[in-house]
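For reference, the structure is listed below as structure tokens.
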Amino acid sequence: MVQDKTIVLGVTGSIAACKAVEIASKLTQEGARVDVVMTKAAQEFVTPLTFRSVTLRPVVTEMFDLASEFSIEHVALAEQADLVVIAPATANIIAKLAGGIADDMLTCTVLATEAAVIVAPAMNVNMYQNQVAQENIAKLKARGFTFVGPAYGRLASGAWGLGRLAEIEEILGTIRQVLGRDGDLAGRRIVISAGGTQEPIDPVRHIGNRSSGKMGYALAEAARDRGAEVVLVSAPSTLAPPVGVKVVQVQTTLQMRDAVIDAAAEADALLMAAAPADYGPATTVESKIKKEVETLTIELVRTPDILGEVKGDFIRVGFAAESENLIENAKEKLKRKNLDLIVANDITASDSGFGADTNRVILIDRSGNVESPPLLPKLEVAHKVLDKVVELLQR
Ligand SMILES: Cc1cc2nc3c(=O)[nH]c(=O)nc-3n(C[C@H](O)[C@H](O)[C@H](O)COP(=O)(O)O)c2cc1C
Numbered sequence: 025m026v027q028d029k030t031i032v033l034g035v036t037g038s039i040a041a042c043k044a045v046e047i048a049s050k051l052t053q054e055g056a057r058v059d060v061v062m063t064k065a066a067q068e069f070v071t072p073l074t075f076r077s078v079t080l081r082p083v084v085t086e087m088f089d090l091a092s093e094f095s096i097e098h099v100a101l102a103e104q105a106d107l108v109v110i111a112p113a114t115a116n117i118i119a120k121l122a123g124g125i126a127d128d129m130l131t132c133t134v135l136a137t138e139a140a141v142i143v144a145p146a147m148n149v150n151m152y153q154n155q156v157a158q159e160n161i162a163k164l165k166a167r168g169f170t171f172v173g174p175a176y177g178r179l180a181s182g183a184w185g186l187g188r189l190a191e192i193e194e195i196l197g198t199i200r201q202v203l204g205r206d207g208d209l210a211g212r213r214i215v216i217s218a219g220g221t222q223e224p225i226d227p228v229r230h231i232g233n234r235s236s237g238k239m240g241y242a243l244a245e246a247a248r249d250r251g252a253e254v255v256l257v258s259a260p261s262t263l264a265p266p267v268g269v270k271v272v273q274v275q276t277t278l279q280m281r282d283a284v285i286d287a288a289a290e291a292d293a294l295l296m297a298a299a300p301a302d303y304g305p306a307t308t309v310e311s312k313i314k315k316e317v318e319t320l321t322i323e324l325v326r327t328p329d330i331l332g333e334v335k336g337d338f339i340r341v342g343f344a345a346e347s348e349n350l351i352e353n354a355k356e357k358l359k360r361k362n363l364d365l366i367v368a369n370d371i372t373a374s375d376s377g378f379g380a381d382t383n384r385v386i387l388i389d390r391s392g393n394v395e396s397p398p399l400l401p402k403l404e405v406a407h408k409v410l411d412k413v414v415e416l417l418q419r
């Protein structure tokens, strides 16, 4: 989403200006051309040289600088931008933008651009909650600006409250989401399940599996970045909920089945990346089982077969985690569960499958076409799967 895009990063006079360095650095590493525009106040907190060093591009600090290519054509940046991001955004810049003031390079650029604008406010809690600041934010939202944050937490003054710059990952997620709005999944609703469900034995113990949810979460992020409306039905996971994705938290396979059936009602595609526990205790004991006996037998019963029960006119993608006869077992599951595509992976490899950041998968469709991409980070695997989903949706 970010590669080869021109992103204007406006940095204003907040103590959080130093955090903008990481944003500039990450976007540059992902292949964006990042043009940083700093207000005078921002330069009191971070030097232009810092941004120049991470973006490898000139930093705009002055409107009337004869040496700058952008000063001669003061709206050049506005025209070249695919996206403008202001992070951190002071109360002052928000007020100026709401009022249409154009007295420096950043305000001129925002006023003149047709690109989307993302604003990440950072300020003292009283400044943020001040009625005039809220009115200015409402005005900009009504004009189509996207706001991210602020977050609740400890502020520079030592006080706690709403006003901290949103987490960098949240700002980057919003950037990818906004840039991907017109992607090849725009207007599509994609439902994804993730993680390993847990079947309670008693209030403190459960039967579960080693699924981390990483593959499902990567699919959710990738689908969001391609413009889809994403619902992620997630079993308990330590992963942060992806920005811009509706997350439905569940614990058991039964809860996952109900949530998936609910979400899939208007879906264009259902991707079942979760690892539901196939068996659960026949009964759940209400209070903690004491360590009193030498052996303990728990009767297990089958949990619902989610893919078997969810009906509807959408693309159905299943995942097969296998430890033997990978292709034969996956093909059999594809047929049995009436899938359009199955993503098979060998869980015996240490660099692939449960918990790993990378995955080596085999994609098999209904017509028997088999694709074997190399070992890739899970986000890239997610895009390979979604390439196939887009192809199937177009058919
Ligand atoms: C140490 C310090 C920290 C500041 N932090 C913030 C802040 O987080 N948010 C804010 O709105 N203003 C903050 N200010 C005030 C702004 O720097 C001031 O309003 C300035 O005029 C903003 O200019 P700009 O919007 O053109 O960057 C801070 C000032 C100082 C001295």
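Residue numbers (the numbering used here): 25 to 419. Glycine is no exception: its CB is placed at the ideal position from the N, C-alpha and C atoms. Computed from a predicted model, the values in this text were never measured in an experiment.
Residue i versus residue j: straight-line alpha-carbon distance, rounded
i, j, result
"VAL267", "VAL317", "47 Å"
"PRO227", "LEU320", "17 Å"
"ILE422", "ALA297", "Because the chain in this structure spans residues 25 to 419, residue 422 falls outside the shown range and cannot be described."
"LEU130", "ILE39", "18 Å"
"ALA124", "VAL108", "Per the sequence shown, residue 124 should be read as Gly rather than Ala. Between GLY124 and VAL108, the C-alpha separation is close to 16 Å."
"GLY55", "ILE47", "13 Å"
"ASN393", "VAL134", "49 Å"
"LEU417", "VAL254", "16 Å"
"SER236", "LEU121", "43 Å"
"ALA175", "VAL284", "31 Å"
"PHE69", "VAL84", "15 Å"
"SER258", "ALA119", "40 Å"
"THR71", "ALA252", "39 Å"
"PRO265", "ASP89", "44 Å"
"PRO397", "VAL409", "10 Å"
"SER362", "ILE339", "A quick correction: the sequence has Asn, not Ser, at residue 362. Rounded to whole angstroms, ASN362 to ILE339 spans 10 Å at the Cα level."
"ILE110", "ALA91", "24 Å"
"GLU346", "VAL414", "26 Å"
"SER181", "VAL141", "28 Å"
"GLU395", "ILE351", "11 Å"
"ARG250", "ALA406", "11 Å"
"THR221", "VAL202", "32 Å"
"ASP128", "LEU294", "48 Å"
"ARG234", "ALA299", "9 Å"
"LYS402", "VAL156", "45 Å"
"VAL58", "ARG384", "33 Å"
"THR74", "VAL45", "7 Å"
DSSP three-state assignment for residue i, whether helix, strand or coil
i, result
"THR198", "helix"
"ASN233", "coil"
"LYS163", "helix"
"ALA299", "strand"
"ASP292", "coil"
"ILE351", "helix"
"LEU263", "coil"
"LEU400", "strand"
"PHE171", "strand"
"GLN273", "strand"
"ALA218", "strand"
"PRO305", "strand"
"GLU395", "strand"
"ALA77", "It is Ser, not Ala, that sits at residue 77 in the sequence shown. In the structure shown, SER77 sits in a helix (DSSP, three-state: H, G or I)."
"ILE339", "strand"
"VAL70", "coil"
"VAL84", "strand"
"THR52", "helix"
"VAL409", "helix"
"MET280", "helix"
"MET25", "coil"
"ILE313", "coil"
Counterpart residues of residue i in DSSP-defined beta bridges
i, result
"ARG213", "GLU253"
"THR327", "In DSSP, THR327 forms no bridge with anything."
"ASN369", "ALA345, VAL385"
"GLU46", "For GLU46, which the question treats as bridged, DSSP gives no partner whatsoever."
"GLU223", "ILE231"
"TYR176", "LEU186"
"ILE31", "VAL58, LEU107"
"SER258", "ALA218, GLN273"
Any C-beta of chain E under 8 Å from that of residue i
i, result
"ASN160", "Reference to chain E is not applicable here, since this structure consists of a single protein chain."
Residue i beta carbon near ligand 3 (any heavy atom closer than 7 Å)
i, result
"LYS64", "Ligand 3 is absent from the structure shown, which contains only ligand 1."
* Are the stretch 159-173 and the stretch 73-91 touching by the rule of at least three beta carbon pairs closer than 8 Å? -> Short answer: they don't touch.
- Task: Check whether the stretch 192-212 touches the stretch 159-169, counting contact only when three or more Cβ pairs, one atom from each stretch, lie closer than 8 Å.
- Result: Because the criterion of three Cβ pairs below 8 Å is not met, the stretch 192-212 and the stretch 159-169 do not touch.
Three CB pairs or more closer than 8 Å across the stretch 324-334 and the stretch 294-310: At 8 Å Cβ cutoff, the stretches touch.
- Task: Count the CB pairs spanning the stretch 308-315 and the stretch 335-344 that are closer than 8 Å, and state whether there are at least three.
- Result: Taking 8 Å as the limit for Cβ pairs, the verdict is that the stretch 335-344 does not touch the stretch 308-315.
### Task
Kindly provide the ranges of any alpha helix (DSSP H) runs that are 4 or more residues long and lie completely inside the stretch 109-157, ordered along the chain.
Here the runs fully enclosed are 115-123, 129-136, 149-153.
Next item on the list: Check whether the stretch 182-191 touches the stretch 237-246, counting contact only when three or more Cβ pairs, one atom from each stretch, lie closer than 8 Å.
Entry: Taking 8 Å as the limit for Cβ pairs, the verdict is that the stretch 237-246 does not touch the stretch 182-191.
Q.
Quick test of the definition: if touching needs 3 or more C-beta pairs under 8 Å, does the stretch 113-120 touch the stretch 135-146?
A. In this structure the stretch 113-120 touches the stretch 135-146; the number of beta carbon pairs closer than 8 Å is three or more.
Using 8 Å as the threshold, is the stretch 204-211 in touch with the stretch 270-283, meaning 3 or more CB pairs across them?
-> These segments do not touch.
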